[in-house]
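Numbering (mature numbering (1 follows the signal peptide of the UniProt record, and there is no 0)), first residue to last: -19 to -1, 1 to 440. Yeah, the Cβ is synthetic: ideal placement off N, Cα and C, and Gly gets one too. First the structure, in the form of structure tokens, and then the observations on it.
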């Protein structure tokens, strides 16, 4: 019997494959003509790791007979507006001596490419303080990571939580999150600063009823979140006497034949409700625009209602030809106290990346890391307005950074009072660890209270 078990174990051992040895998959992506993964970085006493979506990957499958890489035509730009707003918010908070006493916040911004694989690669880069992507390897630069910010899909947020929880680093989501992440027993360091997905759905129903828009089209991203939206929102509409004539899930990078057929068949439907995630508004409009261009006869302008809370940049105004109006939701801003550092608008140079950052390929010998790192060398915003681009600041991004600064300042003040009481006042105290600022035992992270949502015109 023992001999039989040994034979089975031998058979289970992987046998070497004869022939030419195949290629190994490197941990990080190759650098090809400036298309390597990038990060924007500024040092500080405490570092905020930020994951945002600037590019979305168009290539969905990999060939196993070549090394993985990012080809120039395999990604699509969504824009760096959100990352820029967070950079400006950190600069505003650092200037406010009432928020941080003798401390500064730095940042390390990475693109997640809407991909869990690339997110894990960037996450290892943030958690690793040495020359290799090895967490807890402390030989090299010394960073004091404070928190991880993300506004990603459910899968990417869970990917971040898996490692963030191990190292007791708070993860803060500034996007409406999934119910799956609410379980504190599984995700103790996950903090959500917005209400759950779907809290605005009753307001959309009331808007439709107010204008007597009872014949609508329903469109969603071809993702798990899009499927949940259809499953939850459709019964709400039916219960209120609203007829969903068109119900379509589609991807802006995939086939749209079914969408075009539905729009051609139901030309009398003029109100579209859209569940969007990280598509740009122009990419979302384009398949509709092309369909209406091909239809014979005049096409009336369509009313678009967006379910998400985002700011959109619309550069190509030709795409508005068949759109009557676009409606979106936002938050009513509370009146800010006197002396608050928030500024509703800021100005940047058209070439701010070249003027404010010094970029280089960050890859050491015998290191698996390789990315284009841009270190800030000058302020991004400028006081000059002439020949500059005026950009709208995001109060929600500022509130998040402000809340981080307040929590950090409170933690240091608490430690100082405790040591003074115990007679342990001393110079050169080590920096606080992220779990000492807040965590499961310190209560939830509380954002500046939000007021009720509002509906407004985009243009």
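Same chain, Cβ closer than 6 Å to residue i, neighbours up to 5 away in sequence not counted
i: residue 21; result: 90 and 355
i: residue 194; result: 252
Distance between residue j and residue i (C-alpha atoms, nearest Å)
i: residue 378; j: residue 174; result: 11 Å
i: residue 411; j: residue 65; result: 31 Å
i: residue 366; j: residue 328; result: 6 Å
i: residue 380; j: residue 62; result: 17 Å
i: residue 156; j: residue 33; result: 11 Å
i: residue 26; j: residue 132; result: 24 Å
i: residue 414; j: residue 95; result: 29 Å
i: residue 224; j: residue 234; result: 28 Å
i: residue 268; j: residue 232; result: 10 Å
i: residue 186; j: residue 221; result: 8 Å
i: residue 172; j: residue 138; result: 11 Å
i: residue 399; j: residue 388; result: 16 Å
i: residue 371; j: residue 326; result: 7 Å
i: residue 279; j: residue 196; result: 20 Å
i: residue 382; j: residue 150; result: 16 Å
i: residue 376; j: residue 73; result: 12 Å
i: residue 304; j: residue 211; result: 23 Å
i: residue 250; j: residue 282; result: 10 Å
i: residue 208; j: residue 384; result: 33 Å
i: residue 109; j: residue 262; result: 36 Å
Residue i in three-state terms, based on DSSP
i: residue 416; result: helix
i: residue 135; result: helix
i: residue 200; result: strand
i: residue 366; result: coil
i: residue 93; result: coil
i: residue 333; result: helix
i: residue 359; result: coil
i: residue 466; result: Nothing in the structure corresponds to residue 466, since the chain is present only between -19 and 440.
i: residue 128; result: strand
i: residue 20; result: strand
i: residue 266; result: helix
i: residue 257; result: coil
i: residue 278; result: coil
i: residue 223; result: coil
i: residue 446; result: With the chain represented from -19 up to 440, any question about residue 446 goes unanswered, as that position is not in the structure.
i: residue 171; result: strand
i: residue 106; result: helix
i: residue 180; result: coil
i: residue 452; result: Nothing can be reported for residue 452, as the shown portion of the chain is limited to -19 through 440.
i: residue 283; result: strand
i: residue 33; result: strand
i: residue 339; result: strand
Burial state of residue i (16 or more Cβ within 10 Å)
i: residue 258; result: buried
i: residue 99; result: buried
i: residue 191; result: exposed
i: residue 213; result: exposed
i: residue 24; result: exposed
i: residue 265; result: buried
i: residue 164; result: exposed
i: residue 246; result: exposed
i: residue 180; result: exposed
i: residue 241; result: buried
i: residue 92; result: buried
i: residue 361; result: buried
i: residue 368; result: exposed
Close-in-space but distant-in-sequence residues of the same chain around residue i (CB under 7 Å, 5 per side omitted)
i: residue 101; result: 140
i: residue 390; result: 80, 81 and 82
i: residue 392; result: 413, 417 and 418
i: residue 330; result: 336, 363 and 369
Residues near residue i in its chain [Cβ-Cβ closer than 8 Å; skip 5 each side]
i: residue 358; result: 337, 338 and 339
i: residue 243; result: 198, 227 and 229
i: residue 182; result: 213, 214, 217 and 288
i: residue 203; result: 230, 231, 232 and 235
i: residue 255; result: 200, 201, 265, 285, 286, 287 and 288
i: residue 334; result: 340 and 355
Expected contact under 8 Å - CB spacing of residue i and residue j to nearest Å
i: residue 302; j: residue 270; result: 7 Å
i: residue 198; j: residue 227; result: 4 Å
i: residue 71; j: residue 29; result: 7 Å
i: residue 129; j: residue 153; result: 7 Å
i: residue 317; j: residue 276; result: Actually they do not touch by this definition, with Cβ atoms about 48 Å apart.
Cβ-heavy atom distance, residue i to the ligand COA, below 6 Å
i: residue 285; result: Absence of the ligand COA from the depicted structure is noted, as is the absence of any ligand whatsoever, leaving it without description.
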